[in-house]
Amino acid sequence: MNFEYQVEGGDFTNAGTTSSIVKKMMKQLGVQPDIIKRTVVALYEAEVNIVAHAYRGTITVDLDEKKIYVKLSDEGPGIPDIDQAMQKGYSTASPKVREMGFGAGMGLPNMKLNSDQLNVTSVVGKGTTVEIINFF
Amino acid sequence: METFHHALKFKYDLCIGCSHCTSVCPTGAIHVEDGHPILDNNRCIDCGHCYHTCPVNAIYIEQDDFQTIYHYKCPVILIPTLFSAQFPEKISQRAILSAIYHLGFQYVYEVEKSVDVIKAMINERVKDDQAEKPMISTFCPAIVRLIQVKYPSLVSNLLLIKPPLDLTALYIKKVLVEKGVPAEDIGIFYVSPCAAKIAAIKSPVGEDKSPVDGVINMNYLYNKVFRIIKQGLYQLREDEFDFHPLSKNSILWSLTGGEIKDMPAGRNLAIDEVHNVSDFLDKLENEDINNIDFLELRACDESCAGGILCAGNRFLIAERQRKRANQRPKVVSPDENNLLKYKEYLEQSSKLGEVMPRSMDKLDDNISIAMRKMKKVFEINDELPQVDCRICGYQTCKALSEAVVNNQADIKQCIFVQRILEQTDKLTTMEALKITKKVWGEAKLDKYSIKNLDLE
Numbered sequence: 001m002n003f004e005y006q007v008e009g010g011d012f013t014n015a016g017t018t019s020s021i022v023k024k025m026m027k028q029l030g031v032q033p034d035i036i037k038r039t040v041v042a043l044y045e046a047e048v049n050i051v052a053h054a055y056r057g058t059i060t061v062d063l064d065e066k067k068i069y070v071k072l073s074d075e076g077p078g079i080p081d082i083d084q085a086m087q088k089g090y091s092t093a094s095p096k097v098r099e100m101g102f103g104a105g106m107g108l109p110n111m112k113l114n115s116d117q118l119n120v121t122s123v124v125g126k127g128t129t130v131e132i133i134n135f136f
Numbered sequence: 001m002e003t004f005h006h007a008l009k010f011k012y013d014l015c016i017g018c019s020h021c022t023s024v025c026p027t028g029a030i031h032v033e034d035g036h037p038i039l040d041n042n043r044c045i046d047c048g049h050c051y052h053t054c055p056v057n058a059i060y061i062e063q064d065d066f067q068t069i070y071h072y073k074c075p076v077i078l079i080p081t082l083f084s085a086q087f088p089e090k091i092s093q094r095a096i097l098s099a100i101y102h103l104g105f106q107y108v109y110e111v112e113k114s115v116d117v118i119k120a121m122i123n124e125r126v127k128d129d130q131a132e133k134p135m136i137s138t139f140c141p142a143i144v145r146l147i148q149v150k151y152p153s154l155v156s157n158l159l160l161i162k163p164p165l166d167l168t169a170l171y172i173k174k175v176l177v178e179k180g181v182p183a184e185d186i187g188i189f190y191v192s193p194c195a196a197k198i199a200a201i202k203s204p205v206g207e208d209k210s211p212v213d214g215v216i217n218m219n220y221l222y223n224k225v226f227r228i229i230k231q232g233l234y235q236l237r238e239d240e241f242d243f244h245p246l247s248k249n250s251i252l253w254s255l256t257g258g259e260i261k262d263m264p265a266g267r268n269l270a271i272d273e274v275h276n277v278s279d280f281l282d283k284l285e286n287e288d289i290n291n292i293d294f295l296e297l298r299a300c301d302e303s304c305a306g307g308i309l310c311a312g313n314r315f316l317i318a319e320r321q322r323k324r325a326n327q328r329p330k331v332v333s334p335d336e337n338n339l340l341k342y343k344e345y346l347e348q349s350s351k352l353g354e355v356m357p358r359s360m361d362k363l364d365d366n367i368s369i370a371m372r373k374m375k376k377v378f379e380i381n382d383e384l385p386q387v388d389c390r391i392c393g394y395q396t397c398k399a400l401s402e403a404v405v406n407n408q409a410d411i412k413q414c415i416f417v418q419r420i421l422e423q424t425d426k427l428t429t430m431e432a433l434k435i436t437k438k439v440w441g442e443a444k445l446d447k448y449s450i451k452n453l454d455l456e
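Residue numbers (the numbering used here), protein chains in the order written: chain L, 1 to 136; chain F, 1 to 456.
Structure (structure tokens):
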């Protein structure tokens, strides 16, 4: 089953809508609670990343009997060094932002921790694509 | 799967088939067939919203026969502190207590007697940095069931400490046996302010058997006691305590904010009313909300003061309760509250067994079939009007779609679908009528039933 959702950059009020919908579907399918939890955490993190950093994005969800595949493609600034971004604690956030408790550099590492397969590709100045796969 | 025991029952002879209960149910557990509500036992959490909303009192709360107290040589009554807060202020605590003794109880205890012990344990557990957070209170049994059926991934967050009712009952048994009362003579009867606590005693979650021997409906006891007081039938007792030896926080416990009151550290939240709780848990499951240590969640507005078996206005009950609490010190000594001397014994018996998730959302046990069904549900739901009018007998268009997919309902139960099919001669008026009668019963659609309306 395929679904597609749009995410608007800067719309923090509605960040998490897609995660919510996906969570409901996984519950209906009877996926194990811990797998649902992992997926929703990873997806939510990715969704908020679009809202926080990109102009807009599209989330496609592909659900089958064995796995969930989510692809989040955004139009945005992109990530110059993905390997660096994947490291715990690495962040581009300014000290001012960090002072407020954001930009701890846990976003991507946390997504990795909560997905069976995580794939991040990015073109600077164009956008980022994140793919998450979790098996049931 | 073992089904939940429910304390809420329908009286079909009184039911007028209005379906208001269907509309307010927070878990979508009720639908209408043949003019009457049908309860889905696996979804109902005994919150009692249906009981509140029923205009003809056709929903009742199951309770044990009051006469069973006389089967025990030593009947003990365990009443929530809220009980006395329901009476007008001019009626003294002592009069209420004396009237309860008049009914034949040997001992009267208040449930919250063990709150100080429980609070200390919770505070200790919340300090644990390694534990899964937020910890969710297990005090409200409707909330525990809500989490089991609707938020299975949060089951592991439940703080497995027994509620005051259990520990106070354990204490009573222990103390009476020590006094020389044979264990088999002791019958402990709990006065419940709600259906959920009755259901929890009849089929406990996380325990093999409740330590309580019977349940009394609080509304029933209120009426009985009020009558005794009004008729002046009781002897005012001088010998026994008069409800007072509890600490301030024990009396506040069952009100909103009572569990998180004076919690030493961390972020704690108190949320009441089941829809508010659902909204919050939805967010929590998405990890939208971080760094919260403890959640006090209650199914009723104003917590137990809003319990469906409370007599009178919930805000007035809560106000009287607070007034009583304010006259009490924060800390009481073991000499005032003897239970505190049994702290260690109670702590050892305080652990609640594991609570299992039991998702109600699952469309099928087999994921391939569930997947196929889900596709179908989306297809059907897309064609429905999204009015959620309940004429089909279900709470929402989505609920009808699911029932259709599970072969429990006919898509033609939708009145909009009927009208559309009638236009293309795929359904006759008589056929449509027959379907609607199956949902709402014969009487509501009898052709002579509106003879007095001027329709010309």
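From the three backbone atoms N, C-alpha and C, an ideal C-beta is built for every residue, glycine too.
Quick one: using the 10 Å Cβ neighbour count with 16 as the cut-off for buried, is residue i buried or exposed?
{"i": "L:E4", "result": "exposed"}
{"i": "F:Y109", "result": "buried"}
{"i": "F:F105", "result": "buried"}
{"i": "F:S210", "result": "buried"}
{"i": "L:D83", "result": "exposed"}
{"i": "L:V70", "result": "buried"}
{"i": "F:M1", "result": "With a pLDDT of 43 at F:M1, under the threshold of 50, the predicted position of this residue should be treated as unreliable, though the coordinate-derived value follows. It is exposed - the Cβ of F:M1 has fewer than 16 other Cβ atoms within 10 Å."}
{"i": "F:L170", "result": "buried"}
{"i": "F:N366", "result": "exposed"}
{"i": "F:M374", "result": "buried"}
{"i": "F:R390", "result": "buried"}
{"i": "L:V123", "result": "exposed"}
{"i": "F:E379", "result": "exposed"}
{"i": "F:A7", "result": "buried"}
{"i": "F:H49", "result": "buried"}
{"i": "F:Y394", "result": "buried"}
{"i": "F:L233", "result": "exposed"}
{"i": "F:E504", "result": "Past the edges of chain F, shown from 1 to 456, lies residue 504 of chain F, and the structure says nothing about it."}
{"i": "F:H31", "result": "buried"}
{"i": "F:E132", "result": "exposed"}
{"i": "F:T436", "result": "buried"}
{"i": "F:P182", "result": "exposed"}
Please compile the residues from chain F whose C-beta is within a distance smaller than 7 Å of the C-beta of residue i.
{"i": "L:S19", "result": "N286"}
{"i": "L:M86", "result": "Per Cβ cutoff of 7 Å: no residues; L:M86 is ~20 Å from chain F at best."}
{"i": "L:I36", "result": "S153"}
Since residue i meets chain F, which of its residues come closer than 9 Å, beta carbon to beta carbon?
{"i": "L:P33", "result": "Y151, P152, S153, L154, V155, S156, P357 and S359"}
{"i": "L:G30", "result": "S359, D361, K362, L363, D364, D365, N366, I367 and A370"}
{"i": "L:Y5", "result": "In chain order: nothing, as chain F lies at least about 14 Å away."}
{"i": "L:V40", "result": "S153, E285, N286 and E287"}
Below 8 Å on C-beta distance, what does residue i contact in chain F?
{"i": "L:E65", "result": "I367, S368 and M371"}
{"i": "L:E79", "result": "In the sequence as displayed, the identity of residue 79 of chain L is Ile instead of Glu. Neighbours of L:I79 on chain F: none; closest Cβ ~22 Å, over 8 Å."}
{"i": "L:Y55", "result": "Here the premise fails: no neighbours, minimum Cβ distance about 23 Å."}
{"i": "L:M25", "result": "M374"}
{"i": "L:I133", "result": "The premise fails here: L:I133 is roughly 16 Å from chain F at the closest Cβ pair, so nothing lies under 8 Å."}
{"i": "L:F136", "result": "I367"}
So which residues of chain L does residue i contact, with C-beta pairs closer than 9 Å?
{"i": "F:K375", "result": "M1"}
Uninterrupted alpha helix (DSSP H) stretches inside the stretch 59–88 of chain F (no shorter than 4 residues): Contiguous alpha helix (DSSP H) elements confined to the stretch 59–88 of chain F occur at 82–85, taking only those with 4 or more residues.
Okay, do the stretch 294–308 of chain F and the stretch 251–263 of chain F touch, 3+ Cβ pairs below 8 Å being the bar? Yes: the two stretches touch, three or more of their Cβ pairs being nearer than 8 Å.
Against chain L, which members of the stretch 269–286 of chain F pass a CB distance test of less than 7 Å? Cβ contacts with chain L come from D282, E285 and N286.
Minimum length 4: unbroken alpha helix (DSSP H) runs contained in the stretch 275–314 of chain F: Look at the stretch 275–314 of chain F and you find no whole run of alpha helix (DSSP H) that is 4 residues long or longer.
List, from N- to C-terminal side, the beta strand (DSSP E) runs of 3 residues or more that fit wholly inside the stretch 82–131 of chain F. Taking only runs of at least 3 residues, the beta strand (DSSP E) segments lying wholly in the stretch 82–131 of chain F are 107–110.
Please give the ranges of any alpha helix (DSSP H) in the stretch 119–190 of chain F, keeping only runs that are unbroken, at least 4 residues long and fully inside the region. Runs found: 141–150 and 164–178.
For the stretch 112–126 of chain F against the stretch 313–323 of chain F, do three or more pairs of beta-carbon atoms, one drawn from each stretch, fall closer than 8 Å, so that the two count as touching? Taking 8 Å as the limit for Cβ pairs, the verdict is that the stretch 313–323 of chain F does not touch the stretch 112–126 of chain F.
Check whether the stretch 269–282 of chain F and the stretch 354–366 of chain F are in contact - that is, three or more C-beta pairs closer than 8 Å. Here the stretch 269–282 of chain F makes no contact with the stretch 354–366 of chain F; the two share fewer than three CB pairs at distances below 8 Å.
Can you give, in chain order, each stretch of the alpha helix (DSSP H) that sits fully within the stretch 203–281 of chain F and has at least 4 residues? Unbroken alpha helix (DSSP H) stretches of 4 residues or longer found wholly inside the stretch 203–281 of chain F: 218–230 and 248–252, given in chain order.
With three or more C-beta pairs closer than 8 Å as the rule, is the stretch 19–33 of chain L touching the stretch 58–77 of chain L? Yes, the stretch 58–77 of chain L is in contact with the stretch 19–33 of chain L.
I'd like to know if the stretch 258–268 of chain F and the stretch 94–105 of chain F are in contact, where contact means that at least 3 CB-CB pairs between them fall below 8 Å. Result no; under three Cβ-Cβ pairs closer than 8 Å.
What ranges does the alpha helix (DSSP H) occupy inside the stretch 354–389 of chain F, keeping only unbroken runs of at least 4 residues that lie completely in it? DSSP runs (the alpha helix (DSSP H)) wholly in the stretch 354–389 of chain F: 367–383.
I'd like to know if the stretch 186–194 of chain F and the stretch 148–159 of chain F are in contact, where contact means that at least 3 CB-CB pairs between them fall below 8 Å. In short, these stretches do not touch, since the Cβ pair count stays below three.
Quick one: any contact between the stretch 42–60 of chain F and the stretch 12–32 of chain F, if contact means 3 or more CB pairs under 8 Å? Touching, per the Cβ criterion.
Cβ pair count under 8 Å reaching 3, the stretch 37–51 of chain L against the stretch 123–134 of chain L: As far as the Cβ criterion goes, the stretch 37–51 of chain L touches the stretch 123–134 of chain L, which means the pair count is three or higher.
May I have a chain-ordered list of the beta strand (DSSP E) segments no shorter than 3 residues that lie completely inside the stretch 63–102 of chain L? Listed in chain order, the beta strand (DSSP E) runs fully inside the stretch 63–102 of chain L are 67–75, counting runs of at least 3 residues.
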